[in-house]
Amino acid sequence: MKSWSPYALLVIVAIALDQWIKTLVEAGLPFQEKLDLLPFLALFRTYNTGIAFSMFSSFGDTGLVVIAVLVVAFVLYLATRTPSGHVIARTGFALIIGGALGNLIDRAVYGHVIDYILFHTPVWSFAVFNLADAFISVGAAMVVFDELIGWRRESTPPNAKPSED
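Reminder that position 58 of the sequence shown reads as 57 in numbering that gives the first Met the number 0, one-by-one numbering, no gaps.
Structure, rendered in structure tokens:
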């Protein structure tokens, strides 16, 4: 169990940070009014009633909570099957779980997820998202990266010397 302690702590920190920032956003950022920070970055508080990019909003709160719980359970299952030496993947799984639980708390408490980060240009904008979404995305990238490292490691013979091309 001790080997999981840093990852459990990371999950707790991710949830706490996500919820704290969402509390600040709810208290201080006007609803659906863009506050430009940089030419390509703004704060824009809005509510997401679906999952990513408002998909599946027709499932209702209960359906989306069930889906989120199932996803967290599946990611937790994958994490427990990951060898202890795969620190990058385990960190990625912790970020995914922390982000998913942060958004799950929103959905269970408010019936929607609080989003507030907007990347944009004068003619284009990306979907509004939050820190929990960023944790999920970065965590997924870390898991994929760890898999690529493992695949490369397995495809290289142990006694092979690097080529000098």
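We put the CB at the ideal spot given by N, CA and C, even for glycine.
Leaving aside the five residues before and after residue i along the sequence, list all residues of the same chain whose C-beta is less than 7 Å from its C-beta, in chain order.
{"i": "HIS111", "result": "TYR46, ASN47, THR48 and ASP105"}
{"i": "ASP145", "result": "HIS85, ILE87, ALA88 and GLY91"}
{"i": "LEU75", "result": "ILE96"}
{"i": "PHE128", "result": "ASP114 and ILE116"}
Excluding five sequence neighbours on each side, which residues of the same chain lie with their C-beta closer than 6 Å to the C-beta of residue i?
{"i": "VAL10", "result": "ALA93, ILE96 and GLY97"}
{"i": "TYR6", "result": "ARG89 and ALA93"}
Quick check: residue i and residue j, are their CB atoms within less than 8 Å of each other?
{"i": "ALA67", "j": "LEU103", "result": "yes"}
{"i": "LEU130", "j": "ILE50", "result": "no"}
{"i": "ASP17", "j": "GLY138", "result": "no"}
{"i": "ALA41", "j": "LYS33", "result": "yes"}
For the alpha helix (DSSP H) containing residue i, list its first residue and its last residue.
{"i": "ASN102", "result": "86-109"}
{"i": "ALA67", "result": "59-79"}
{"i": "ILE113", "result": "It is not in any alpha helix (DSSP H) - ILE113 instead sits in the beta strand (DSSP E) that spans 112-118."}
Can you say whether residue i is buried or exposed, counting buried as having 16 or more other CB atoms within 10 angstroms of its CB?
{"i": "ALA140", "result": "exposed"}
{"i": "PHE73", "result": "exposed"}
Less than 8 Å between the CB atoms is what I'm expecting for residue i and residue j, so what's the real figure, rounded?
{"i": "ALA99", "j": "VAL71", "result": "5 Å"}
{"i": "TYR115", "j": "LEU37", "result": "Not really, about 15 Å apart at Cβ, beyond 8 Å."}
Near residue i, what residues of its chain come up, given a Cβ to Cβ distance below 8 Å and the 5 sequence neighbours on each side ignored?
{"i": "MET0", "result": "The pLDDT assigned to MET0 is 47, lower than 50, so where the model puts this residue is not dependable; a value taken from the coordinates is nonetheless given after this. None."}
{"i": "PHE30", "result": "ARG44 and THR45"}
{"i": "ILE148", "result": "ILE87"}
Where does the unbroken beta strand (DSSP E) through residue i begin, and where does it stop?
{"i": "ALA41", "result": "40-47"}
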